[in-house]
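Colleague:
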Amino acid sequence: MSVLEGKELRIVGFLCNWCSYGGADTAGVGRFTQPTDLRIVRVPCSGRINPLFVMKALIGGADGVLVSGCHPRDCHYAEGNYYARRRLEVLKGLLPVLGIDPRRFEYTWVSASEGQRWQHVVSSFTAQIHALGPAARFTEAPEPARLGA
Amino acid sequence: MSIQDELKSAITAALPDVSCVVGWGAGPEPLRAAPLFIRGEADLEGFSAGFLSVNNPALYLPSLKGSKVGVVVKGCDARSVGQLAAETLIKREEVHVIGYPCRGVIDVDKVAAKLAGACETGEVAALREDGDDVLLNTPKGEVRLAKKDITADKCGRCAFPNAGNADVFVGERCAPVVTEDGYADIADFEARGLDELKAFWEQEMSRCIRCYACRNACPLCVCRDQCVAMSREPHWLSQGDGVRDKLFFQIIHAVHLSGRCTGCGECERACPLGIPVLKLKRALSRRVEKLFGYKAGGGDTPPLLTFLVEEPTIKERDWK
Numbered sequence: 001m002s003v004l005e006g007k008e009l010r011i012v013g014f015l016c017n018w019c020s021y022g023g024a025d026t027a028g029v030g031r032f033t034q035p036t037d038l039r040i041v042r043v044p045c046s047g048r049i050n051p052l053f054v055m056k057a058l059i060g061g062a063d064g065v066l067v068s069g070c071h072p073r074d075c076h077y078a079e080g081n082y083y084a085r086r087r088l089e090v091l092k093g094l095l096p097v098l099g100i101d102p103r104r105f106e107y108t109w110v111s112a113s114e115g116q117r118w119q120h121v122v123s124s125f126t127a128q129i130h131a132l133g134p135a136a137r138f139t140e141a142p143e144p145a146r147l148g149a
Numbered sequence: 150m151s152i153q154d155e156l157k158s159a160i161t162a163a164l165p166d167v168s169c170v171v172g173w174g175a176g177p178e179p180l181r182a183a184p185l186f187i188r189g190e191a192d193l194e195g196f197s198a199g200f201l202s203v204n205n206p207a208l209y210l211p212s213l214k215g216s217k218v219g220v221v222v223k224g225c226d227a228r229s230v231g232q233l234a235a236e237t238l239i240k241r242e243e244v245h246v247i248g249y250p251c252r253g254v255i256d257v258d259k260v261a262a263k264l265a266g267a268c269e270t271g272e273v274a275a276l277r278e279d280g281d282d283v284l285l286n287t288p289k290g291e292v293r294l295a296k297k298d299i300t301a302d303k304c305g306r307c308a309f310p311n312a313g314n315a316d317v318f319v320g321e322r323c324a325p326v327v328t329e330d331g332y333a334d335i336a337d338f339e340a341r342g343l344d345e346l347k348a349f350w351e352q353e354m355s356r357c358i359r360c361y362a363c364r365n366a367c368p369l370c371v372c373r374d375q376c377v378a379m380s381r382e383p384h385w386l387s388q389g390d391g392v393r394d395k396l397f398f399q400i401i402h403a404v405h406l407s408g409r410c411t412g413c414g415e416c417e418r419a420c421p422l423g424i425p426v427l428k429l430k431r432a433l434s435r436r437v438e439k440l441f442g443y444k445a446g447g448g449d450t451p452p453l454l455t456f457l458v459e460e461p462t463i464k465e466r467d468w469k
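Heads up: the sequence lines are chains A and B, in that order.
For the first sequence, the working numbering gives the first residue as 1, with consecutive numbering after it.
For the second sequence, the working numbering gives the first residue as 150, with consecutive numbering after it.
1. Rounded to whole angstroms, what's the CA-CA distance from alanine 149 of chain A to glycine 231 of chain B? Just pull it up for me.
2. From lysine 297 of chain B to glutamate 178 of chain B, what does the alpha carbon distance come to, in whole angstroms?
3. So which residues on chain B does threonine 33 of chain A lean against when the C-beta distance must stay under 9 Å?
4. Pairs of beta-carbons, one from the region 285-293 of chain B and one from the region 449-462 of chain B, closer than 8 Å: are there three or more?
5. Please say whether phenylalanine 196 of chain B and leucine 185 of chain B have beta carbons closer to each other than 8 Å?
6. If you draw a straight line from the alpha carbon of leucine 427 of chain B to that of glutamate 329 of chain B, how long is it in whole angstroms?
7. Just to make sure I have the definition right: I need the residues of chain B whose C-beta is within less than 8 Å of the C-beta of cysteine 59 of chain A. Which are they?
8. Please name the residue or residues paired with tryptophan 173 of chain B in a DSSP beta bridge.
9. Roughly how many whole angstroms lie between the Cα atoms of tryptophan 385 of chain B and glutamate 339 of chain B?
10. What are the complete alpha helix (DSSP H) segments, minimum 4 residues, inside the region 101-125 of chain A?
11. Excluding the 5 residues preceding and the 5 following alanine 261 of chain B in the sequence, name in chain order all residues of the same chain whose CB lies nearer than 6 Å to its CB.
12. Measure from the alpha carbon of arginine 418 of chain B to the alpha carbon of each residue in B:Cys372, B:Ser151, B:Thr300 and B:Ala275, then state which is nearest.
13. Determine whether the Cβ of leucine 9 of chain A lies closer than 8 Å to any Cβ atom of chain B.
14. Name the chain A residues that come within less than 7 Å of proline 211 of chain B, Cβ to Cβ?
15. Can you look up threonine 161 of chain B in the DSSP assignment and give me helix, strand or coil?
16. Using a Cβ-Cβ distance cut-off of 8 Å, determine whether glycine 446 of chain B contacts chain A.
17. Assign phenylalanine 53 of chain A to one of three DSSP states: helix, strand, or coil.
18. Would you tell me roughly how many angstroms separate the C-alpha atoms of isoleucine 247 of chain B and cysteine 169 of chain B, rounded to the nearest one?
19. Pick out whichever of B:Val244, B:Glu272, B:Arg322 and B:Arg381 has its Cα sitting closest to the Cα of glycine 215 of chain B.
20. Under 8 Å between C-beta atoms, does glycine 408 of chain B make it to chain D?
21. Ignore the nearest five residues each way along the sequence and tell me which others in aspartate 25 of chain A's own chain have a CB closer than 6 Å to its CB.
22. In terms of residues, what are the limits of the alpha helix (DSSP H) holding valine 437 of chain B?
23. Taking only beta-carbon atoms, is arginine 364 of chain B less than 8 Å away from chain A?
24. Out of curiosity, what's the CA-to-CA distance linking proline 425 of chain B and isoleucine 59 of chain A?
25. In this structure, how does DSSP classify alanine 539 of chain B when only helix, strand and coil are distinguished?
26. Within the same chain, show all residues whose beta-carbon is closer than 6 Å to that of leucine 440 of chain B, passing over the 5 residues directly before and after it, in chain order.
27. Alpha carbon to alpha carbon, what distance is there between threonine 126 of chain A and proline 110 of chain A?
28. If you check the beta carbons only, do threonine 457 of chain B and cysteine 410 of chain B fall under 8 Å apart?
29. Tell whether a beta-carbon distance below 8 Å holds between cysteine 360 of chain B and lysine 395 of chain B.
30. Is valine 90 of chain A helix, strand or coil when you go by DSSP?
31. Quick check on the burial criterion: 16 or more other C-beta atoms within 10 angstroms. Buried or exposed for cysteine 372 of chain B?
32. Nearest by alpha-carbon distance to tyrosine 82 of chain A: which of A:Ile100, A:Gly47 and A:Leu95 is it?
33. Helix, strand or coil, according to DSSP, for histidine 130 of chain A in the structure here?
34. Since isoleucine 40 of chain A is in the alpha helix (DSSP H), which residue starts that stretch and which ends it?
35. Output yes if chain A places a C-beta closer than 8 Å to the C-beta of cysteine 346 of chain B; else output no.
36. Would you say leucine 66 of chain A reaches chain B, if we count a Cβ-Cβ gap shorter than 8 Å as a contact?
Right under this line is the structure:
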């Protein structure tokens, strides 16, 4: 059992290669302290992020999912983040109906130079997830409902 | 001339120009009609449209792309045709749409609930319509049921009973049941709270048998053999029968239909276990309608296939 058991939660971050991953790197190079709950998955562009990535993480047991890409107008591929913005915004409508707290999923924009901002985003999102606590996992086989109940 | 005769003559008129006309004919039992492919006037014999015309004939259009076909549609089916055309999954000029005013269709599950204890729906020997009622011949005698009690839920929130995009429309256009779908059912559902909803889906999905009838009945699920649910690389779903895999399949279906689902309800109707899978799609439709003012099926570009540099309805995520 990890020594961090109970102290750390599982947060999955999907970061675009060109801005947010660079921003996270800048924060590291600048030695800004940040929580270590986030596991980063680097993707070419926020437009690469299939909403199912987010859902798979949440159903698979992640306590939170953070998506970050280039600021609007700054996408390396010109328009990937515009499509991502619409998809992710729509996806937020699916979480409450499934019984997943919509605050467990957020998306934002961080550029490669914004190390400070990255620190702020990670810290506040991690604090938000810690406030919510560990996510209850979907059980694989619930107790069968009583017949006629 | 009755609507049936008018429809038949509209189909007859269309037949020379099309390879077939998709409509409804007699099904496996008196309560159920089945899709009918009319290739000649001889096939017209079994045709009938009305209270039993449950299936969405738009389902077959993508696979018939490339030849001119006719299709008889209810209002909701016409929305599916419009959406398929908007996404160029069919060519609108290849489809001859014959519309008629729809006043709702049967929900056999509701009939089963009404007959519970007396007999099974399969034992009903005949069904006869009598104004606002239907008369069922059951082994226990004749049963009279009010149509409004056994009409599908989706018909209670129908804003498009008349095929708006029909090439030929027969009969008198009827007034919509509601002018605006308020998604009150989804709001009520959500009000049950996160914990209860999670338990609800665990319980419901534990009954799922992964038959994929919901997908196969969906007119907008066009990937067929390329469905990501079957893909091994990436391996989105295991072969297991756990709740998470089964729920994730429903999430795939809902996400892939976001901004596309016209709410025809075929997924839920086709489910042999009566799992309310349409709710997930309607939650996303409500979101899309709120954000982009978009109702699927009208023929405009789907909102997720386009963007605005400045989104007036999306709050910029500047993070405090």
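Note that beta-carbon positions come from the ideal geometry of N, C-alpha and C, so glycine has one too.
Modeller: Walking through what the data contain:
1. In this prediction, alanine 149 of chain A has a pLDDT of 49, which is less than 50 and means its spatial position is unreliable; what the coordinates show is noted afterwards. If you take the alpha carbons of alanine 149 of chain A and glycine 231 of chain B, they lie about 42 Å apart.
2. Counting only the Cα atoms, glutamate 178 of chain B lies some 21 Å from lysine 297 of chain B.
3. Chain-ordered listing is empty here: chain B has no CB closer than 9 Å to the CB of threonine 33 of chain A, the nearest sitting near 18 Å.
4. Contact check between the region 285-293 of chain B and the region 449-462 of chain B: fewer than three CB pairs, one atom from each, fall below 8 Å, which does not count as touching.
5. With respect to the 8 Å criterion, leucine 185 of chain B and phenylalanine 196 of chain B are classified as neighbours on the basis of their beta carbons.
6. Rounded to whole angstroms, leucine 427 of chain B and glutamate 329 of chain B show a C-alpha spacing of 18 Å.
7. Contrary to the premise, residue 59 of chain A reads as isoleucine rather than cysteine in this sequence. Chain B residues near isoleucine 59 of chain A: Arg393, Leu396, Phe397 and Ile400.
8. In DSSP, tryptophan 173 of chain B forms a bridge with B:Pro184.
9. Cα to Cα, the separation comes out at about 27 Å.
10. Runs found: none.
11. Cβ neighbours of alanine 261 of chain B beyond the five flanking positions: Thr270.
12. Considering only alpha carbons, the answer is B:Thr300.
13. False, the Cβ-Cβ gap to chain B never drops below 8 Å.
14. Those within 7 Å of proline 211 of chain B in chain A number zero; the least Cβ separation is about 22 Å.
15. DSSP, reduced to helix, strand and coil, places threonine 161 of chain B within a helical segment of the structure shown.
16. No, no contact with chain A.
17. Of the three classes helix, strand and coil, the one that applies to phenylalanine 53 of chain A here is helix, per DSSP.
18. Taking the straight line joining both Cα atoms gives about 13 Å.
19. The residue with the shortest Cα to Cα distance from glycine 215 of chain B is B:Val244.
20. Looking at the structure shown, chain D is missing, and the protein chains on hand are A and B.
21. Excluding sequence neighbours, aspartate 25 of chain A sits near nothing in its chain.
22. Run containing valine 437 of chain B: 427-441, per the alpha helix (DSSP H) assignment.
23. For arginine 364 of chain B, the answer is no, since every Cβ of chain A falls outside 8 Å of its Cβ.
24. Whole-angstrom Cα-Cα distance: 19 Å.
25. One cannot answer for residue 539 of chain B here, as it falls past the ends of chain B, which runs 150 to 469.
26. So the list reads Thr462, once near-sequence residues are dropped.
27. In the sequence as displayed, the identity of residue 110 of chain A is valine instead of proline. Each residue's alpha carbon lies about 16 Å from the other.
28. As written in the sequence, residue 457 of chain B is leucine, which differs from the threonine given in the question. No, the pair does not count as a contact, with Cβ atoms beyond the cut-off.
29. It is not a contact, given that the beta carbons lie outside the stated cut-off.
30. Helix at valine 90 of chain A.
31. With fewer than 16 Cβ atoms within 10 Å of its Cβ, cysteine 372 of chain B is classed as exposed.
32. Comparing Cα positions, the closest option is A:Gly47.
33. Three-state result, histidine 130 of chain A: helix.
34. Careful: isoleucine 40 of chain A lies outside any alpha helix (DSSP H), inside the beta strand (DSSP E) at 38-43.
35. Position check: residue 346 of chain B holds leucine in this sequence, whereas cysteine was assumed. True, the Cβ-Cβ gap to chain A drops below 8 Å.
36. No, leucine 66 of chain A lies away from the interface with chain B (no Cβ there is under 8 Å from its Cβ).
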